[in-house]
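First up is the structure itself, then whatever we jot down about it.
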Amino acid sequence: MSYIIEIEDLQKHYDNSGERFHALRDIDMKVRRGECVILKGISGSGKTTLLGIMAGLDHPSSGKVVVDGEAIAKLPDRHLSRFRGKHIGMIFQHYNLIENFSVRENVMVPLVPMNLDFEEVERRVRESMEVANISHKASMSAGRLSGGEKQRTAIARALASDPEIILCDEPTANLDRANSERFVEILSKLHDMGKSIVIATHDPIFDHLPFEARVVHMEDGRVVEEGRES
Amino acid sequence: MNPILLDTQVQIYLLSEAILYLLMIPAFLISLKIIPKWDFGSFSQEQYALEREAYLVMTILIFAFVMKFLLLPYFVFAIDNLNTLVPGAMCAAGVISANSYGMPLLFVKLFLVFALILWMAVNHYDLEAKNYPWFKIKMWIFIAIFIVASVELWLDFSYFLDIDPTRPVSCCSALFGQLEGANPLPFGLDIEKLLILFYLSWSLIVFAHYTGQTLAKLLATLLFVYISYYAVVYFFGTYVYELPTHKCPFCMMQKEYHYAGYLIWATLFGGSFGTMAASICKIFLKVDTGKMESLSFAMLNLFTLTVSLYPLVYRLQNGVWL
Chain A
3 MSYIIEIEDL
13 QKHYDNSGER
23 FHALRDIDMK
33 VRRGECVILK
43 GISGSGKTTL
53 LGIMAGLDHP
63 SSGKVVVDGE
73 AIAKLPDRHL
83 SRFRGKHIGM
93 IFQHYNLIEN
103 FSVRENVMVP
113 LVPMNLDFEE
123 VERRVRESME
133 VANISHKASM
143 SAGRLSGGEK
153 QRTAIARALA
163 SDPEIILCDE
173 PTANLDRANS
183 ERFVEILSKL
193 HDMGKSIVIA
203 THDPIFDHLP
213 FEARVVHMED
223 GRVVEEGRES
Chain B
29 MNPILLDTQV
39 QIYLLSEAIL
49 YLLMIPAFLI
59 SLKIIPKWDF
69 GSFSQEQYAL
79 EREAYLVMTI
89 LIFAFVMKFL
99 LLPYFVFAID
109 NLNTLVPGAM
119 CAAGVISANS
129 YGMPLLFVKL
139 FLVFALILWM
149 AVNHYDLEAK
159 NYPWFKIKMW
169 IFIAIFIVAS
179 VELWLDFSYF
189 LDIDPTRPVS
199 CCSALFGQLE
209 GANPLPFGLD
219 IEKLLILFYL
229 SWSLIVFAHY
239 TGQTLAKLLA
249 TLLFVYISYY
259 AVVYFFGTYV
269 YELPTHKCPF
279 CMMQKEYHYA
289 GYLIWATLFG
299 GSFGTMAASI
309 CKIFLKVDTG
319 KMESLSFAML
329 NLFTLTVSLY
339 PLVYRLQNGV
349 WL
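These protein sequences, in sequence, are chains A and B.
Per the working numbering, residue 3 is the first one in the first sequence, and the count goes up by one each step.
Per the working numbering, residue 29 is the first one in the second sequence, and the count goes up by one each step.
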């Protein structure tokens with residue numbers, strides 16, 4: 003069995019004025035290639051922290067985190083940035099778009115350090131926008147988009163570098179029901195494309211996905227239950 | 029109070045050196061803690077904490093070292109400007125010889141520049157790899173640098189505090205002139221043989237560079253930097269000053285010579301130390317030092333071209349050699 007993410011004995015704590023807050027404790031988790039994992043739990047259960055560590059945006063206090071064969075928490079900055087750019091697409095709760103840039107320019111941003119030729123950049127941007135269903139807004143500035151459109155731009159941006167792993171942090175938290183359902187449709191497309199997906203959410207819309215997904219319940223920084231839903 | 033210490037440039041220089049040293053103290057103490065415990069293969073809490081501290085140390089050191097590079101020309105600039113306060117001095121040459129601390133301080137500074145370039149190179153190749161393979165080596169180099177920097181700071185303060193503005197010093201023509209017929213050149217060379225050796229050692233560097241002979245290049249560069257110092261002071265410098273009796277390594281850094289000395293010495297020492305550091309990394313770390321070698325080689329060529337142009341241009345303009 004080929005795992006794209008392997009986590010062993012992961013701990014994460016924060017020290018503040020002599021007090022220690024444990025954000026993650028004793029996490030052991032594996033994600034298979036092409037698998038979709040839903041991290042569920044209430045606010046403060048550690049989902050976002052875990053996702054951040056998987057993305058290499060945060061470092062563990064101890065434990066092993068291997069993503070696509072690389073112990074990412076150990077990589078020097080320049081390697082980590084390169085690795086993240088190539089292997090991981092991240093969709094944030096608040097989208098993190100550059101408001102003054104157009105949709106097309108936002109999608110293009112992660113491709114800039116990759117030194118691709120212009121035709122390749124154009125092709126990737128066009129294809130990503132098509133998958134995310136945002137091509138019709140390509141030249142509109144991100145600041146003028148609706149919440150759902152911003153979310154789809156963020157999806158297109160995450161897909162532009164053609165990563166194997168897509169990490170989503172509360173992707174539907176700011177969306178209405180209709181836009182959340184559209185997000186799930188796009189997610190289904192990404193799953194069909196063979197992407198490995200990890201979603202941190204507490205939205206019940208992910209309880210009934212149109213494809214197979216594994217649900218991991220978290221509480222107080224621990225994995226308390228695992229199940230399979232589809 | 030010693031009027032030397034009231035000079036603004038001296039104050040800025042000493043304060044900057046002291047601040048950089050204070051910055052290096054925590055880096056030194058953390059390094060001493062990190063070295064014995066470092067185990068990159070471990071995923072323990074202690075190792076992650078050490079990696080975060082190492083990141084802090086690297087950040088401090090890169091800042092401190094870049095600032096120290098910039099402080100060397102500023103030091104020369106500052107002591108050059110002191111020639112108005114020290115009787116007899118016409119340039120930095122007289123000021124640097126105002127007491128017994130000056131020349132050792134200059135040599136310590138040059139050694140530190142080499143050590144900093146070497147550390148920067150090892151750090152670069154260490155970060156290029158994914159598992160910090162030369163982390164301990166660069167930490168040991170830093171510890172050596174810190175010890176030398178401690179000596180440097182002591183010499184800095186000792187030197188400036190000990191300059192007596194009432195005691196006359198010798199000017200550069202007395203310090204570097206051929207007094208009483210004594211030959212100041214090494215190995216009993218005369219100017220012709222010195223120049224032959226200069227261009228021969230440069231040719232050897234070019235040959236070793238293009239044939240990839242690292243050890244030969246290292247040795248040729250050591251010879252080149254030594255010979256170049258004398259060649260600049262006793263031959264090329266006279267064309268910078270357009271005066272056959274003016275032999276000084278410092279005056280050429282003054283405004284009336286368009287600060288040419290900064291370019292000449294920076295390309296010589298930058299190119300030589302860069303070549304030496306690259307060669308050491310290539311021999312001992314077995315890394316591809318291509319970019320660093322090319323940059324250093326370009327600096328050495330720029331140096332050779334710059335100093336060679338002075339007599340050629342003089343000859344073309346005046347029809348005679350000095």
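Yeah, the Cβ is synthetic: ideal placement off N, Cα and C, and Gly gets one too.
All of these numbers come straight from a predicted model, not from anything done at the bench.
- Inter-residue distance for His-219 (chain A) and Val-127 (chain A) is about 35 Å (C-alpha atoms, whole angstroms).
- With contact defined as three or more Cβ pairs closer than 8 Å, the region 143-153 of chain A and the region 82-101 of chain A are in contact.
- DSSP places Phe-23 (chain A) within a strand segment (E or B) once states are collapsed to three.
- According to DSSP, residue pairing for His-210 (chain A) in a beta bridge does not occur.
- Taken in chain order, the members of the region 75-98 of chain A whose beta-carbon sits within less than 9 Å of a beta-carbon on chain B are Ala-75, Lys-76, Leu-77, Pro-78, Asp-79, Arg-80, His-81.
- One alpha carbon belongs to Ile-157 (chain A), the other to Glu-214 (chain A), and they sit about 20 Å apart.
- In this structure Ala-46 (chain B) is exposed. Its beta-carbon is surrounded by fewer than 16 other beta-carbon atoms within 10 angstroms.
- For the region 135-179 of chain A, the full-length alpha helix (DSSP H) segments reaching 4 residues or more read 149-162 along the chain.
- The Cβ atoms of Met-118 (chain B) and Ser-125 (chain B) lie no closer than 8 Å to each other.
- About 7 Å separates the beta carbon of Thr-273 (chain B) from that of Ser-201 (chain B), a gap short enough to meet the 8 Å contact definition.
- Gln-345 (chain B) is outside the set of residues whose beta carbon lies under 8 Å from a beta carbon in chain A.
- Of all residues in the region 46-71 of chain A, those with a C-beta nearer than 7 Å to a C-beta of chain B are His-61, Pro-62, Ser-63, Ser-64, Gly-65, Lys-66, reading in chain order.
- The beta-carbon separation of Pro-78 (chain A) and Leu-146 (chain B), rounded to 20 Å, does not stay under the 8 Å limit for a contact.
- With a threshold of 8 Å between beta carbons, Leu-155 (chain B) makes contact with chain A.
- For Ile-7 (chain A), the beta-bridge partners assigned by DSSP are A:Val-33, A:Val-69.
- One alpha carbon belongs to Ile-168 (chain A), the other to Val-39 (chain A), and they sit about 11 Å apart.
- Listed by position along chain A, the residues whose Cβ is nearer than 7 Å to that of Phe-71 (chain B) are Ser-64, Gly-65, Lys-66.
- Selection B:Pro-101, B:Lys-275, B:Leu-33, B:Leu-271 evaluated against Leu-213 (chain B) yields B:Lys-275 as nearest (Cα-Cα).
- Using a CB distance cut-off of 8 Å, Lys-164 (chain B) does not count as an interface residue toward chain A.
- Assigned with DSSP and collapsed to three states, Lys-42 (chain A) falls in strand.
- The Cβ of Lys-158 (chain B) sits closer than 8 Å to at least one Cβ of chain A.
- Residue pairing for Lys-14 (chain A): DSSP places it in a beta bridge opposite A:Leu-26.
- The C-beta separation of Leu-52 (chain A) from Leu-82 (chain A) comes to about 17 Å, leaving the pair out of contact by the 8 Å criterion.
- Proximity to Lys-137 (chain B) across B:Leu-250, B:Asn-151, B:Ile-175 peaks at B:Ile-175, based on C-alpha coordinates.
- Here Met-320 (chain B) is buried: its Cβ has 16 or more other Cβ atoms, across all protein chains shown, within 10 Å.
- With distances taken between CA atoms, Tyr-153 (chain B) lies nearest to B:Cys-309 out of B:Pro-339, B:Cys-309, B:Val-335, B:Phe-331.
- Pairwise C-beta distances place the region 66-75 of chain A out of contact with the region 134-145 of chain A, as fewer than three of them are shorter than 8 Å.
- Ala-202 (chain A) is bridged by DSSP to A:Leu-41, A:Asp-171.
- Counting along the chain, no beta strand (DSSP E) covers Met-280 (chain B), and no H or E run does either.
- Under DSSP, Val-141 (chain B) shares a beta bridge with no residue.
- At a Cβ-Cβ threshold of 8 Å, Thr-266 (chain B) and Leu-344 (chain B) do not count as neighbours.
- What Tyr-269 (chain B) touches in chain A, judged by beta-carbon distance under 9 Å, is nothing: the nearest beta carbon there is about 47 Å away.
- Distance between Val-186 (chain A) and Met-56 (chain A), taken at the CA atoms: about 22 Å.
- For Met-220 (chain A), the enclosing beta strand (DSSP E) has its first and last residue at 215-221.
- According to the DSSP assignment, Gly-298 (chain B) belongs to the alpha helix (DSSP H) that extends over 288-308.
- Take the alpha-carbon of Phe-68 (chain B) and the one of Tyr-83 (chain B): they are about 13 Å apart.
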